[in-house]
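**Q** At position 195 of the sequence shown the residue is numbered 194 (numbering that gives the first Met the number 0), and the sequence of numbers has no breaks.
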Amino acid sequence: MNCTCICYDIHGTETVLTECIRFSLLRERYLPFSSLSLTVRCGEMETPVRIRFLLDGRTLMDGTVHRADVSLRGGLRTLTATVRSFTAALAKNQLEPGVHYDVTLDSLMQTYALPHVTYQTGMAAVGYIYVKEHTPMWSAVSAYNFKLCGGFPYVRADNLLCVMPQPERDPVVLPDGLILRGEQCSSGAIVSRVVMASFDGEYGRYAADNPEAAAREIVSVRQMAFDMQFIYDPEDALRYQIALSNRRLSAETAAYSGYCGEDIGDAVTAGGKNAFVGKIVIRGDSKGIVTEDTFYYDSFCNRALSATS
Numbered sequence: 000m001n002c003t004c005i006c007y008d009i010h011g012t013e014t015v016l017t018e019c020i021r022f023s024l025l026r027e028r029y030l031p032f033s034s035l036s037l038t039v040r041c042g043e044m045e046t047p048v049r050i051r052f053l054l055d056g057r058t059l060m061d062g063t064v065h066r067a068d069v070s071l072r073g074g075l076r077t078l079t080a081t082v083r084s085f086t087a088a089l090a091k092n093q094l095e096p097g098v099h100y101d102v103t104l105d106s107l108m109q110t111y112a113l114p115h116v117t118y119q120t121g122m123a124a125v126g127y128i129y130v131k132e133h134t135p136m137w138s139a140v141s142a143y144n145f146k147l148c149g150g151f152p153y154v155r156a157d158n159l160l161c162v163m164p165q166p167e168r169d170p171v172v173l174p175d176g177l178i179l180r181g182e183q184c185s186s187g188a189i190v191s192r193v194v195m196a197s198f199d200g201e202y203g204r205y206a207a208d209n210p211e212a213a214a215r216e217i218v219s220v221r222q223m224a225f226d227m228q229f230i231y232d233p234e235d236a237l238r239y240q241i242a243l244s245n246r247r248l249s250a251e252t253a254a255y256s257g258y259c260g261e262d263i264g265d266a267v268t269a270g271g272k273n274a275f276v277g278k279i280v281i282r283g284d285s286k287g288i289v290t291e292d293t294f295y296y297d298s299f300c301n302r303a304l305s306a307t308s
């Protein structure tokens with residue numbers, strides 16, 4: 000493995016470690032941050048507060064240390080750490096409650112100075128978003144994204160927050176001889192019908208059915224109060240809840256030896272089929288590196304495709 004672990008302690012002192020014993024990285028289309036666990040040989044050093052992890056010179060993770068342990072066992076000193084990308088701040092910071100008018104991604108992200116977090120700029124404005132008490136920034140960005148284009152935000156390896164698809168480019172071609180090729184489904188969160196009260200509290204005024212649940216003969220009815228997020232477009236509130244429940248509904252997985260550099264939102268060709276990446280798991284140890292890509296087919300990811308096509 001050609002891995003480099005750049006550690007920064009509380010004083011900003013940089014320590015470069017290159018003898019990685021094992022690592023596991025997870026990046027997922029619907030999570031606001033990626034996570035990394037690793038064990039690497041080290042000398043005497045202070046416990047790091049930030050870690051940049053590179054594979055073949057490409058940054059796979061840059062984030063804050065969630066937990067770290069520098070230990071000496073049998074003459075071998077190691078650093079074992081778990082790291083979360085800097086975009087975890089999107090789940091920790093809360094916006095001021097109330098109605099925010101003429102909202103852009105820029106205006107949302109300029110609320111706080113989030114270290115090392117960037118975002119797509121120049122995005123159009125939506126009329127407003129409604130922020131409930133204790134609402135994290137990630138939820139507000141999600142509401143903005145849905146109103147902007149019916150989408151859902153995602154985060155890439157360089158702590159880049161995206162609300163629009165990646166620029167069109169040639170797909171990343173995975174090598175022949177996949178280790179694993181499989182299909183999955185996840186219907187545990189699916190809602191079959193959403194019933195929402197009116198602004199005056201009268202239930203049954205708004206309702207919508209989910210054809211994906213009907214096709215699976217699932218009955219799961221959600222009753223909800225009027226959603227102030229969609230006060231001018233109540234039907235959108237129903238569509239939003241159904242779309243959220245359909246996340247990860249069906250998926251395909253392809254695993255291979257090595258890593259080809261793909262990221263969340265990239266187009267990938269695997270076994271002659273093209274799809275956009277929804278989840279990446281990369282593991283490495285003395286036996287080598289294995290990457291597992293998951294391609295979701297749901298209301299937000301690969302919408303124009305079918306897992307069975």
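The beta-carbon is built from N, C-alpha and C at its ideal position, and this holds for glycine as well. Computed from a predicted structure; not experimentally measured.
If you follow the beta strand (DSSP E) that Tyr127 is in, where does it begin and where does it stop?
**A** That run of the beta strand (DSSP E) goes Val125 to Val130.
**Q** Within a Cβ cutoff of 8 Å, which residues of the same chain sit near Tyr295, ignoring the five residues on either side of it in sequence?
**A** Closer than 8 Å at the Cβ level, and outside the excluded window around Tyr295, lie Arg28, Arg246, Arg247, Leu248, Ser249, Ala250, Gly277, Lys278 and Asn301.
**Q** Locate the beta strand (DSSP E) running through Glu43, then write down its first and last residues.
**A** Where Glu43 is concerned, there is no enclosing beta strand (DSSP E), given that its DSSP letter is neither H nor E.
**Q** Would you please state the rounded distance, in angstroms, between the beta carbons of Tyr111 and Leu173? I believe it to be under 8 Å.
**A** Wrong, their Cβ atoms sit about 38 Å apart, outside the cutoff.
**Q** Out of curiosity, what's the CA-to-CA distance linking Tyr202 and Pro233?
**A** So the two alpha carbons sit approximately 13 Å from each other.
**Q** Just to confirm the assignment: which complete alpha helix (DSSP H) runs, minimum length 4, are found wholly within the segment 122-201?
**A** Listed in chain order, the complete alpha helix (DSSP H) runs (minimum 4 residues) inside the segment 122-201 are 136-148.
**Q** Alpha carbon to alpha carbon, what distance is there between Arg155 and Thr81?
**A** So the alpha carbons of these two residues sit roughly 18 Å apart.
**Q** Roughly how many angstroms lie between the CA atoms of Leu16 and Cys4, to the nearest whole one?
**A** Roughly 5 Å between the two C-alpha positions.
**Q** In terms of alpha-carbon separation, which member of Leu37, Ile217, Pro31 and Leu78 lies closest to Pro152?
**A** Among Leu37, Ile217, Pro31 and Leu78, the Cα nearest to that of Pro152 is on Pro31.
**Q** Determine the contact status of Val39 and Asp8, defining contact as a CB-CB distance below 8 Å.
**A** Contact: no.
**Q** So for Leu237, helix, strand or coil by DSSP?
**A** Helix.
**Q** Under three-state DSSP, which class holds Lys286?
**A** Lys286: coil per DSSP, three-state reduction.
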